[in-house]
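Heads up: the structure comes next, in C-alpha cells.
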Amino acid sequence: MMKDFKQSLLSVASLVIVLGTSAASHAQDDDFSHVEIETIPVAEDIYMLVGEGGNIGILAGEEGVFMVDNQFAPLTEKITDVIAAITPEPIRFLVNTHWHFDHTGGNENFGNAGTVIVAHDEVYARMSTDQFIQAFQLAFPASPPAALPVITFNDTVTFRLNGQTINIFHVEPAHTDGDSIVHFVEADVIHAGDIYFNGIYPFIDSDSSGGSVTGMIAATERLLALADEDTKIIPGHGPLSNRAELEAYLRMLVDVRLRTESAIAQGLTLEEFIASNPTADYDEALGRSFISPEQFQTIFYQDLAKQDLDI
Numbered sequence: 292m293m294k295d296f297k298q299s300l301l302s303v304a305s306l307v308i309v310l311g312t313s314a315a316s317h318a319q320d321d322d323f324s325h326v327e328i329e330t331i332p333v334a335e336d337i338y339m340l341v342g343e344g345g346n347i348g349i350l351a352g353e354e355g356v357f358m359v360d361n362q363f364a365p366l367t368e369k370i371t372d373v374i375a376a377i378t379p380e381p382i383r384f385l386v387n388t389h390w391h392f393d394h395t396g397g398n399e400n401f402g403n404a405g406t407v408i409v410a411h412d413e414v415y416a417r418m419s420t421d422q423f424i425q426a427f428q429l430a431f432p433a434s435p436p437a438a439l440p441v442i443t444f445n446d447t448v449t450f451r452l453n454g455q456t457i458n459i460f461h462v463e464p465a466h467t468d469g470d471s472i473v474h475f476v477e478a479d480v481i482h483a484g485d486i487y488f489n490g491i492y493p494f495i496d497s498d499s500s501g502g503s504v505t506g507m508i509a510a511t512e513r514l515l516a517l518a519d520e521d522t523k524i525i526p527g528h529g530p531l532s533n534r535a536e537l538e539a540y541l542r543m544l545v546d547v548r549l550r551t552e553s554a555i556a557q558g559l560t561l562e563e564f565i566a567s568n569p570t571a572d573y574d575e576a577l578g579r580s581f582i583s584p585e586q587f588q589t590i591f592y593q594d595l596a597k598q599d600l601d602i
C-alpha cells in the first residue's frame, strides 16, 4: 500500500512541475522513461493500472478490452504492453472520466490505433477548445481530432461487454463539469475518476472547469450509494479503495465544508480563515501531496463564498 501511495503522489505532482508554459507540451516532452506501469488485480478480468497520472481501469475478455482513462501520451506504449500481457484482444473502447490531461493524454495515440473514445458532452466541449487551469496557471491547446471522443453522452450510457454490464453516468459539476462514474455492475467494481482522491486532499477545478465543492460532496454520496462492504473502488488517484475509506473521505469533505461555511458566516476573510488552521486535524494524513492544506482551504473558501454571494 505504501508503494501505491508514493506512486500516487508522483502521479499528481506532474500537474504542477511546470509553470508559464503549455502543460500539454510538457506532457509530451517530459522524460517518462522512469515510469513503470503496475498491474493491480481488482476482480475477475478487471485491473487497475498505476503509473504516472490518473489510475486506469481495464476490463479484459474475448470481446476486447474496455479501458477507463489513459494517463500521458509518452506512456501509451508501456500501457499497451501491460495490457497485451493480460490479453491479446484489442482495446476497443476508451472512456474518459473527465478532460484533465493526466487522464486523457494518450487519447490521440489510442484514437489513431482505432480505439473508440467515449466521454460526456462537456469533455468533448473542453477538449475541442483551448483550456486554462487557473489554479496552476497551465494552458492547454485544443486537442487534435484523433484525441476527441467519438461517442458522447448527456446523462448515461451502458456497455455490455465480456459478461459485464458497465453503467456510466454523469454527475452534476463536481471535480469538473464533465465527470463520469463507471460502474462494473456484476463485478461490483466502481471507477470513480477524480471525484475520489484516496489518501490525499482532492483538487476541485472550480475556477476553470466548472467544478463545485457542493457537487463534489453530492457525487461522493452517489458513489457511496452504489457501494457495499465488498465493493472495490478505483479512485482517480491513490490506492485501490473500499466503502469504508470512501465514507471517511466523504466525512472529511462535509466537515471541511461546514467549517468553511461557518467562517464565511462569521465574516472571516480568506487570509483569516487560512490563519485559523481549519484543517489541522486532517493535514498530517491528507496534506502532503500536490494540493497543500492552504490550497485546499482556498478552493473551499472561494467556491463556497461565491455560492453565498449568488444566493
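Each residue of the sequence shown is one higher than the last, beginning at 292 in our numbering.
Idealized CB from N, CA, C, for every residue including glycine.
Predicted model, so just to flag it, every value in this text is computed and none were measured.
If one requires a minimum length of 3 residues, the beta strand (DSSP E) runs lying completely within the region 476 to 539 are 480 to 488, 523 to 528, in chain order.
Counting along the chain, the unbroken alpha helix (DSSP H) around residue 571 starts and ends at 571 to 577. Taking residue 345 as the centre and dropping the five residues before and after it, the same chain places the C-beta of 360, 393, 394, 527 closer than 6 Å to its C-beta, in chain order. Your pair residue 504 and residue 594 checks out as a contact, with CB atoms roughly 5 Å apart and the cut at 8 Å.
DSSP, reduced to helix, strand and coil, places residue 447 within a strand of the structure shown. The way I'd put it, the region 557 to 573 doesn't touch the region 531 to 540; fewer than three beta-carbon pairs between them come closer than 8 Å. Cβ contact annotation for residue 370 (same chain, cutoff 8 Å, sequence separation greater than five): 328, 340, 342, 347, 361, 362, 397, in chain order. In this structure residue 365 is buried. Its beta-carbon is surrounded by 16 or more other beta-carbon atoms within 10 angstroms. The region 406 to 415 and the region 378 to 387 touch, with three or more beta-carbon pairs separated by less than 8 Å.
Linking residue 460 to residue 427 through their CA atoms gives a straight-line distance of about 28 Å. Residue 374: member of the alpha helix (DSSP H) spanning 367 to 377, first to last residue. DSSP, read as helix, strand or coil, puts residue 595 in helix.
Residue 597 sits exposed, since fewer than 16 C-beta atoms from the chains shown fall within 10 Å of its C-beta. Per DSSP, the beta-bridge partners of residue 431 are 422. Around the beta carbon of residue 549, a 10 Å sphere encloses fewer than 16 other beta carbons of the protein chains shown; the residue is thus reported as exposed. Segment contact: the region 506 to 526 against the region 484 to 491, three or more CB-CB distances shorter than 8 Å; contact assigned. Judged by DSSP secondary structure, residue 465 falls outside any alpha helix (DSSP H); it is assigned neither H nor E.
Residue 348 sits in a strand when the DSSP states are folded into three classes.
The straight-line gap separating the alpha-carbon atoms of residue 476 and residue 495 is approximately 27 Å. Per DSSP, the beta bridge partners of residue 382 are 356. Under a 10 Å Cβ-count criterion, residue 466 is classified as buried, with 16 or more other Cβ atoms of the shown protein chains found around its own Cβ. In this structure the region 578 to 593 touches the region 550 to 559; the number of beta carbon pairs closer than 8 Å is three or more.
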